[in-house]
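Just so you know, the sequence shown maps onto residues 719 to 786 in our numbering.
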Amino acid sequence: RPRHPEKAHRPDQEVLRKPDWIRVKAPVSKGYAETREIVKSHKLVTVCEEAGCPNIGECWDKKHATFM
């Protein structure tokens, strides 16, 4: 994932990692994969992806997505 434009010009600053307690596992469910394919095939932009939402796997598994 590319760095935020403001941070990309400051290579001397270390990229901080999220603490273990806030990390979520990568989504791998069938529902997530189906929703992702629908979004990609229709060239849609979702708030979920743009915001880097940590709950994307949970929502997309239920075939829920928020659009811009």
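In this text, a Cβ means the ideal position worked out from N, Cα and C, and glycines have one as well.
{"Item": "Helix, strand or coil at T764 [DSSP, three-state]", "Value": "strand"}
{"Item": "Buried versus exposed, by CB contacts within 10 Å (16 or more), T753", "Value": "buried"}
{"Item": "8 angstroms contact criterion, which C766 and I756 should meet: CB distance rounded", "Value": "Not really, about 13 angstroms apart at Cβ, beyond 8 angstroms."}
{"Item": "Within 8 angstroms, strictly: CB atoms of S747 and D779", "Value": "yes"}
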